[in-house]
Structure formats: structure tokens, C-alpha cells
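A.B. asks:
Chains as they are written, first to last, in our numbering: chain D, 31 to 197; chain A, 1104 to 1559.
Following this line, the structure appears as C-alpha cells:
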């Protein structure tokens, strides 16, 4: 399984920017209890790939959330930010089947939190990654599959399959 | 609804016209017989001549059966008195145009509410607010505010290095889903394109974007690789709007220069604005503009009370600098001409006043209409009635006219950019972008006839 996988080219697949060590499946609901937990854990997972301290990412993600929640409805949130230092796009995933409050636009609890960081200068690429994640998670069965995954490897392989099916 | 409009100037006349077309029973009061005659010939409204501050004249205008009084004479004092009298006579809603901030500001001795005026319309404040927002989100033109301030429409020019250049509309919709924005149209040369999934944004295009007022800051970096900054602002004319704008932005930008031809007015402005550079000279004089550091200017605002001077100074400023230009233009007829001369922001206080008053009258019904691309496209903001065919199915199954786009749904006060699974509920407010040929279809979908009925 690849570790600290960071793409510097336009990613064709989400698995190019996501790795098993950046996926957390909290089946018991004992690790991720709220939005702050989710942002802190995402930041910790993303920090090595982004080349900065976790606290830096956490601050940026929190500032972005303060403007408006990235909880886009149907249990999905896509916190994201860009950093001067980041060498490429990197993503991290939290699956929390129990659901956590996230101030989502539809008021529902969030079960899938997909975090993304990218370099500040490659905004076009960052935008494409966000678009791809949003598109993938728009699919109800894809969301249901992820929520039922029991391990990071299972979640990652689901994403690989779904991502490959996207045009 | 029975509405009494007081004042038959440009604003009163447009209000009477628009509101009577929408099915309201209008009476209009003015002292000027010739103005009333002109209106009476054109519209089916009750014209009453006389001093509207007197109860007898208001009674002749049917005040006792009116649900709303709109006072838009040229005099603040008359408008306030009309509002007070109408309130005492039991009118439910009173709207008054008041331009002098001393009457409603912190120093006012009586609040407007105490006087019985429900809504004060102050076009200067609306204009200054919009200009401040334009400065706070550089690289955009603030074009309109919708849904009681929750949404704004911004205009952008797409540069070669724009991160959005080359993205498909399908991709932009997904990103907009996260950042709460929607690209409404692409203006390419003379064409207005209502974009579909595979369409891409190209350098040289200009686009209109509908976004949440809270997230305008998130949209700018998507459009601009390096968002332009507004450091130097030149304001031509120490009019009330000119001075208010200088006051509102002097702490937000590096340098503000105000140019005023009248020595006394320049001195008064300098006193009020302490610390801001005020030049006494003509904003149409290139030497004066150079002294105001035109070469470094990012935003040039011609805000004097003289249309011709505003137009001339803006043309001059555009020729000799890279500044974005804004001009105050009182003659509504000039507005479409000026956009075609490359003026980015054309401000017409009367159109703004009419728009704002209509918004209050329509609250809970049809809400507003904003024209884009020199009137070749419209943004309609409307409340969805119970029986609307639009509420029957999910958006995916709804037959939406081809040249129209559903921009946003506001449900229980929360704005959402819709997708195929969204469903419109009765009572929601929707924002629809449409080319003229799509409007009849939109009207049918949201059954226009019902929009204009006042709930009983």
C-alpha cells in the first residue's frame, strides 16, 4: 500500500492523492465526535504530505469553515484549503458512520469527511480535485458503500472503484 | 393592494407604472398638474393634485382604504410628514425616501419608527454599500443583492491565467456546490450563453456569478490567479455619495483622493474627512487627475451630481489608466449606452430607489428583477406559490426552459445551490436566471398570475 502519496501532476484519479494511512474509519464512533475532532484529525493526517505542521492546516480549515460549512448535504463534508508550501494535492478521508454535527447546509449529521490540501499556485488543479470528490460523493450508492466500509483499505478500494467509473 | 404613491417624479412615475402593471390599485399625488396629466394619459391610476402632507388630500387619494403609502417627493421633510400622517390614519405600511442621513442616523432626535415610518429608502446608502463591497472583493463588480441580502450577483472578467479558465460547467457546478456559487451566464463577444455541463469558461469571457453573500471571498480566488488589489481610489465629486464613500473606504484602502470643483464644497469635505486628500479642481481636467495620481489608480468613481461631467471624467480616466470605472448617472436613458463604452459600473440612483421600493412592496411575492448583459438576460427572484407546477417533482424531472437556469433555492431562510435531486417547496424563494425567450416558460412554471395576489 503506498504511503504519503502526493501527486504534483493533474490527478486523473482520487487514489493518486489519497493513501490508506490518510483514511480513518471510526466504526465505533469513539474517535471522531464532532467537527473540531474531524478537522484536527484530518490536519494530522494531511500534515506530512503538505509539509507543514498539523496546527497550520487545522487553523486554515477552521477559518474556512467559519465562513460557511463545507458540509454540502447528504452526510458529506469537503473541508479544503491551499498552502504555499504544499508540494501537490493531497487528500484524507474520515468515515464516521455514527454521524457528527458539522453545521451542514441541510442540517443533517455528516458521515463522510473528505479533506483536501493543495499548493496555493495550482488552483485550477485543486478545483478539479474538489469537483471530482463532490461528483463522486453525489452518488447515493457510493456514499452508502463508504459508510458500510469497516477498514481504511476497504474504503480506499471502494473509492478506487467509484472513481474509475466516473467519466 | 391599494397603494398611494406621493410624488410624481421619475421614481414615483416608474413605481406607479410597475405596480399598476402588477395589478395593484394605485393613486398618485403631486402638486404639479402637468406631471399628473402625463401619467393619467398613460396609466390607469387615480391622479390627485394637492399638498400630500394634508390629510384631506390623502383622503381624496383613498388613504383610508390603502394598505401602503410610498412617499418619494424631492423633499425629505414632505416624505416624512406624509409617512407620519399616513401612519396616524391607519395605513399598515409606510415607505419614505429620506436622503439626509441626519434624519435617520444616530444623531436623529426621533427614530423613523417613532414617526411611524416602516421603511426608509436612502439610495446613497445602498450605493455606498455596493461600492464598499466592490472594493472588498477586488476583481468583481457587485451588481445586485438578492433574498434580503443573503445572495449577491457578481461580475467577473476571465483573464488568461484564471484558475477557472478551461474548467467545464459541470466541474464548476460541483465546486459551486461546496463554495455556494453558481455561474449564471458566459458573455463571449456579443453572445450571452446559458452554460450547460460540457461548456467551458475561456479567457476573455466575462461571467456573472450568483453567490452567497457570506462566501464572496471564496469565489475571487477561483476566478483570479492573483486577485487584483484596490489600493488607490479616486472619487470625482464631493456629492453626498462621494463624501460618504470616501468616509466608508478611507481606512480600507491605501489612498483615497477626492476631487471637487467647488472650493466651498471641497473645503467642507476636507474638514469632514480629515486626513483624506481633497483636491479643488475639475475631475475632467487631466492635470488635476494626474495630481490625484491617476496612473496608480485602481478604481475611479465619478460621483458628482452632473452626469456629463461624470461621463467625461470616466472616459478620461479610462484612457489614461488601468482603473476600473464607476459612474453615477441620473438620466436612466444613459445607462445602457455607458456599459457599451466600457464603463464597468454604472450607478443610477433612481433605478436603485425604484428597485429597492419594489422589493419592499413585493416582499413575499415576486421579489426582484435584475437585468444583466445590457438587458439581454434577467435574474428573477420569486416566491413559489402553493399551486406552482415547479413543486411537483424533483428538479431532474422538471421541464425547465432551455435558456434558463435555477440559481438558488432559499428554504426556511437557508440558501442552497440546487442539483437534480433538489425539490422546490411552496413558500421557498427561488432565483432564476433567464434569457428573454425563456421568461414565458418560467412564468408558467411558477404561475405568474398567482404571484401578484395579495394574501387575504
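For glycine and all other residues, C-beta sits at the position ideal for the given N, C-alpha and C.
Just the C-alpha distance for residue 1502/A and residue 1522/A, rounded to the nearest angstrom, thanks.
C.D. replies: Answer to the nearest angstrom: the Cα atoms are 14 Å apart.
A.B. asks: Which stretch, first to last residue, makes up the alpha helix (DSSP H) that contains residue 1185/A?
C.D. replies: Note, residue 1185/A: alpha helix (DSSP H), 1179 to 1191.
A.B. asks: With a threshold of 7 Å between beta carbons, is residue 70/D in contact with chain A?
C.D. replies: No - not a single Cβ of chain A is within 7 Å of the one on residue 70/D.
A.B. asks: Is the beta carbon of residue 1457/A less than 7 Å from the beta carbon of residue 1114/A?
C.D. replies: A contact, by the Cβ cut-off of 7 Å.
A.B. asks: If you follow the alpha helix (DSSP H) that residue 1332/A is in, where does it begin and where does it stop?
C.D. replies: Premise fails: residue 1332/A is in no alpha helix (DSSP H) and is neither H nor E.
A.B. asks: Is residue 1189/A closer than 7 Å to residue 1175/A when the C-beta atoms are compared?
C.D. replies: The answer is no: Cβ separation not under 7 Å.
A.B. asks: Indicate whether at least one CB of chain D lies closer than 7 Å to the CB of residue 1260/A.
C.D. replies: For residue 1260/A, the answer is no, since every Cβ of chain D falls outside 7 Å of its Cβ.
A.B. asks: From what residue to what residue does the beta strand (DSSP E) around residue 1207/A run?
C.D. replies: Segment 1204 to 1207 is the alpha helix (DSSP H) holding residue 1207/A; no beta strand (DSSP E) there.
A.B. asks: Determine the extent of the alpha helix (DSSP H) in which residue 1349/A is found, giving its start and end residues.
C.D. replies: Unbroken alpha helix (DSSP H) run through residue 1349/A: 1343 to 1352.
A.B. asks: From this set, 118/D, 94/D, 57/D, 103/D, which residue's C-alpha is nearest residue 169/D's C-alpha?
C.D. replies: The option with the nearest alpha carbon to residue 169/D is 103/D.
A.B. asks: Bridge partners of residue 92/D, per DSSP?
C.D. replies: Per DSSP, none; premise fails for residue 92/D.
A.B. asks: Have a look at the DSSP bridge pairing and note the partners of residue 106/D.
C.D. replies: Answer by DSSP bridge pairing, in chain order: 103/D, 142/D.
A.B. asks: Measuring CB atoms only, is the region 1239 to 1251 of chain A touching the region 1201 to 1211 of chain A, in the sense that at least three cross pairs come out at less than 8 Å?
C.D. replies: Because the criterion of three Cβ pairs below 8 Å is not met, the region 1239 to 1251 of chain A and the region 1201 to 1211 of chain A do not touch.
A.B. asks: Buried or exposed for residue 1517/A, please, with buried defined as at least 16 other CB atoms from any protein chain shown within 10 angstroms of its CB.
C.D. replies: Per the 10 Å Cβ criterion, exposed.
A.B. asks: Pick from 1244/A, 1340/A, 1117/A, 1136/A: whose alpha carbon is nearest that of residue 1146/A?
C.D. replies: For residue 1146/A, the nearest C-alpha among the options comes from 1117/A.
A.B. asks: Hey, how far is the Cα of residue 1144/A from the Cα of residue 1428/A?
C.D. replies: Going from the Cα of residue 1144/A to the Cα of residue 1428/A covers about 39 Å.
A.B. asks: Quick check on DSSP: helix, strand or coil for residue 1128/A?
C.D. replies: Residue state, collapsed to three classes: strand.
A.B. asks: Could you say which of 1422/A, 1406/A, 1484/A, 1421/A lies nearest to residue 1450/A if we only look at CA atoms?
C.D. replies: If we check each option's Cα against that of residue 1450/A, 1406/A comes out closest.
A.B. asks: Any chance the region 1287 to 1298 of chain A sits against the region 1306 to 1322 of chain A, with 3 or more Cβ pairs inside 8 Å?
C.D. replies: They touch, by the three-pair rule.
A.B. asks: Which of the three DSSP states, helix, strand or coil, is assigned to residue 1378/A?
C.D. replies: If DSSP states are grouped into helix, strand and coil, residue 1378/A belongs with coil.
A.B. asks: Suppose contacts are defined by Cβ-Cβ distances below 7 Å. Is residue 1371/A in contact with residue 1334/A by that definition?
C.D. replies: No, they are not a contact pair.
A.B. asks: Using the DSSP secondary-structure output, state which residues sit across from residue 1244/A in a beta bridge.
C.D. replies: Looking at the DSSP assignment, residue 1244/A forms a beta bridge with 1258/A.
A.B. asks: With a cut-off of 8 Å on the beta carbons, I'd call residue 1182/A and residue 1199/A a contact; round off their distance for me.
C.D. replies: The Cβ separation is near 4 Å, so the contact holds.
A.B. asks: Do you know how far the Cα of residue 1534/A is from the Cα of residue 121/D?
C.D. replies: For residue 121/D and residue 1534/A, the distance between alpha carbons rounds to 34 Å.
A.B. asks: Per DSSP, residue 192/D is paired with what?
C.D. replies: Bridge partners of residue 192/D: none, in fact.
A.B. asks: Below 7 Å on C-beta distance, what does residue 161/D contact in chain A?
C.D. replies: In chain order: 1274, 1277, 1278.
A.B. asks: Please classify residue 1166/A: does DSSP put it in a helix, a strand, or coil?
C.D. replies: Helix.
A.B. asks: For residue 183/D, count neighbouring Cβ atoms within 10 angstroms of its own Cβ and tell me buried if that reaches 16, exposed if not.
C.D. replies: It is exposed - the Cβ of residue 183/D has fewer than 16 other Cβ atoms within 10 Å.
A.B. asks: Below 9 Å between beta carbons is the criterion; list the residues of the region 80 to 98 of chain D that meet it against any residue of chain A, in chain order.
C.D. replies: The residues in question are 94, 97, 98.
A.B. asks: Under the rule that 16 or more other beta-carbon atoms within 10 Å means buried, what is residue 1280/A, buried or exposed?
C.D. replies: Burial call: buried.
A.B. asks: Counting only Cβ pairs nearer than 9 Å, list the residues of chain D close to residue 1317/A.
C.D. replies: 97, 98, listed in chain order.
A.B. asks: Quick one, are the C-beta atoms of residue 1393/A and residue 1364/A less than 7 Å apart?
C.D. replies: No, they are not a contact pair.
A.B. asks: Measure from the C-beta of residue 1519/A to each C-beta in chain D and report whether the shortest distance is under 7 Å.
C.D. replies: Yes, its Cβ sits closer than 7 Å to a Cβ of chain D.
A.B. asks: How would you label residue 1467/A, buried or exposed, when you count the other beta carbons within 10 angstroms and need 16 or more for buried?
C.D. replies: Caution is warranted here: a pLDDT of 43 is assigned to residue 1467/A, below 50, making its placement in the model unreliable, and no coordinate value can be reported.
A.B. asks: Compute the Euclidean distance between the alpha carbons of residue 153/D and residue 54/D, then round it to the nearest angstrom.
C.D. replies: Going by the C-alpha atoms only, they are around 26 Å apart.
A.B. asks: Does the beta carbon of residue 177/D come closer than 7 Å to any beta carbon on chain A?
C.D. replies: Closer than 7 Å: no.
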